[in-house]
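First the structure, in the form of structure tokens, and then the observations on it.
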Amino acid sequence: MASHLPDGLSPDAVDTLTELTSIIIKLRASQQPPSLTNLPHPSTAAAASNPLGHHHPNGPPSLPGPVTGTTPLASGGGGGGGQLLSVKELPGATDNLKHKLQRARAAVKTLPDVGRTISQQEVEIAELEARRRKQVEMLMGLKEEGLQFGMLEQRSKDEGERMVE
Numbered sequence: 002m003a004s005h006l007p008d009g010l011s012p013d014a015v016d017t018l019t020e021l022t023s024i025i026i027k028l029r030a031s032q033q034p035p036s037l038t039n040l041p042h043p044s045t046a047a048a049a050s051n052p053l054g055h056h057h058p059n060g061p062p063s064l065p066g067p068v069t070g071t072t073p074l075a076s077g078g079g080g081g082g083g084q085l086l087s088v089k090e091l092p093g094a095t096d097n098l099k100h101k102l103q104r105a106r107a108a109v110k111t112l113p114d115v116g117r118t119i120s121q122q123e124v125e126i127a128e129l130e131a132r133r134r135k136q137v138e139m140l141m142g143l144k145e146e147g148l149q150f151g152m153l154e155q156r157s158k159d160e161g162e163r164m165v166e
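In this note's numbering, the protein residues as written are 2 to 166.
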């Protein structure tokens with residue numbers, strides 16, 4: 002009973018972390034003092050000083066490591082090289098992200114049975130479990146009959162060989 006996903010709904014369509022991380026990194030970079038802004042890239046600088054991305058108790062918290070998602074960054078909304086992002090530019094930079102989430106929400110609403118209640122699903126689960134139990138019982142019965150048939154076949158084969166001797 003596998004259901005196919007509607008057009009426009011894929012893991013890439015709902016993956017917003019990659020783009021959101023890029024936006025946050027650019028925003029953080031613009032908020033840092035100028036001496037820290039000269040680093041090659043905030044995530045690579047943090048990864049170089051702290052490869053596992055852990056917080057050291059005696060130092061400042063590290064920035065997140067490099068993003069390894071499968072979704073390429075979109076040009077415009079969240080992508081675009083090493084440019085910095087000011088707070089005023091944040092709404093425009095997140096528009097693509099907002100639209101992506103709106104499309105994903107609309108696609109999810111087209112999925113079958115999305116409006117079913119938990120109690121309706123629990124009733125169906127109970128029915129399916131009862132059906133499964135009946136099938137297991139039937140298979141066990143067939144297994145027993147098959148074993149008995151095999152034993153009868155073996156006996157008749159053994160008796161046939163005795164008669165030939």
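By construction, the Cβ of each residue, glycine as well, lies at the ideal position given by its N, Cα and C atoms.
Cβ-Cβ distance between residue i and residue j below 7 Å
| i | j | result |
| --- | --- | --- |
| I24 | A94 | yes |
| S31 | S120 | no |
| L98 | T17 | yes |
Distance cut-off 6 Å: residue i Cβ against heavy atoms of the ligand SAM
| i | result |
| --- | --- |
| G142 | Inclusion of the ligand SAM in the displayed structure is not the case, the ligand content being empty and no account of it being possible. |
Buried versus exposed call for residue i [16 or more other C-beta atoms within 10 Å across all chains shown]
| i | result |
| --- | --- |
| E20 | buried |
| T118 | exposed |
| G27 | Residue identity differs from the one stated: residue 27 is Lys in this sequence, not Gly. Label assigned to K27: buried. |
| K101 | buried |
Backbone CA spacing between residue i and residue j [nearest angstrom]
| i | j | result |
| --- | --- | --- |
| D114 | R134 | 25 Å |
| E123 | V137 | 21 Å |
| V15 | D96 | 15 Å |
| D13 | L129 | 33 Å |
| M139 | R163 | 36 Å |
| E125 | R132 | 10 Å |
| K158 | L112 | 58 Å |
| F150 | G161 | 16 Å |
| L156 | E146 | One point to set straight first is that residue 156 is Arg, not Leu, in the sequence displayed. Roughly 15 Å between the two C-alpha positions. |
| L85 | R29 | 9 Å |
| P34 | K89 | 18 Å |
| T22 | A127 | 42 Å |
| L153 | M141 | 18 Å |
| K144 | G116 | 41 Å |
> Within the chosen definition, does the segment 2-21 reach the segment 100-114 through at least 3 CB pairs nearer than 8 Å?
Replying inline: yes
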